[in-house]
């Protein structure tokens with residue numbers, strides 16, 4: 001079945017550093033979504049992407065819909081302690097057009 | 112009022128118990144979902160309801176029984192669960208099931224089976 005590969009699995013960084021994570025799929029997608037999940041809470045939508053090449057920002061977060069339509073990137077600039085959490089990508093497309101989720105990137109930020 | 116509310120937040124039950132999880136959305140959406148979240152695994156879609164009709168059932172064991180009485184409420188009835196069913200159960204809603212409408216999640220019910 002369809003799979004999303006999300007990397008890295010975890011990141012441990014210092015406050016102020018920039019962060020980059022990505023997701024790749026085996027199929028062409030028409031939608032990419034990025035979510036953040038804090039401990040004890042549900043995932044919260046950060047950014048939604050609907051067109052190849054689209055670049056969208058939400059504060060210090062920037063996400064891009066890859067030109068090949070098989071990948072997406074999320075960048076966080078000047079990280080702060082409250083950026084800690086698990087970041088999930090989700091994509092829709094391929095034969096089933098179902099929304100599927102990546103396994104998440106755990107981000108830890110040291111003050 | 113948060114967009115998607117789930118109760119209870121935590122549930123501990125024995126394998127012979129019967130309990131229900133409740134989800135309520137205040138976003139005016141017409142699609143609702145149940146997901147299972149286990150450690151180190153992607154979110155697993157369990158059920159999808161659109162306009163109160165079940166449109167997807169992803170090979171979920173019959174010990175999980177969903178119910179959607181209206182577009183704002185979704186239940187997951189549980190009976191004779193197994194220890195491997197311990198997980199975080201997330202409810203989500205969206206304004207449709209096709210296209211790219213993003214799903215909005217509740218904070219989940221942490222379920223522990225003894």
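Residue numbers (this note's numbering), protein chains in the order written: chain A, 1 to 111; chain B, 112 to 225. Beta carbons are placed, not taken as given, at the ideal position from N, Cα and C, and that holds for glycine. From a predicted model like this one, the values you see are computed outputs, not experimental measurements.
query = Do three or more CB pairs link the region 117-126 of chain B to the region 155-164 of chain B at distances below 8 Å?
reply = no
### Query
Nearest to residue 115(B) by CA position, among 149(B), 182(B), 128(B), 195(B), is which residue?
182(B)
Considering Cα atoms alone, identify which of 52(A), 49(A), 87(A) is closest to residue 151(B).
87(A)
Under 9 Å, CB to CB, which of the residues in the region 129-141 of chain B have a partner in chain A?
none
Next item on the list: Return yes when the Cβ of residue 23(A) is within less than 9 Å of the Cβ of residue 102(A), no when it is not.
Entry: yes
query: When you check each C-beta in the region 26-46 of chain A against every C-beta of chain B, which residues fall closer than 8 Å?
result: 30, 31, 33, 35, 40, 41, 42, 43, 44, 45
- Kindly indicate the opening and closing residues of the beta strand (DSSP E) around residue 132(B). 129-136
With residue 198(B) and residue 215(B) assumed to form a contact (beta carbons below 8 Å), what rounded beta-carbon distance in angstroms separates them? Incorrect: roughly 20 Å between the Cβ atoms, too far for contact.
- Compare the Cα-Cα distances from residue 143(B) to each of 153(B), 225(B), 213(B) and report the closest residue. 213(B)
Check: Taking Cβ-Cβ distances shorter than 8 Å, what residues in chain A pair up with residue 218(B)?
Finding: 40, 41, 42
_I want to know whether the region 74-81 of chain A touches the region 104-111 of chain A - three or more CB-CB distances under 8 Å._
yes
In chain A, which residues lie less than 8 Å from residue 151(B) when you measure between Cβ atoms?
-> 103
### Query
Hey, is residue 117(B)'s beta-carbon within less than 9 Å of any beta-carbon in chain A?
yes
* Based on the DSSP output, what are the partners of residue 204(B) in its beta bridges? -> 143(B), 215(B)
Since residue 201(B) meets chain A, which of its residues come closer than 7 Å, beta carbon to beta carbon?
42
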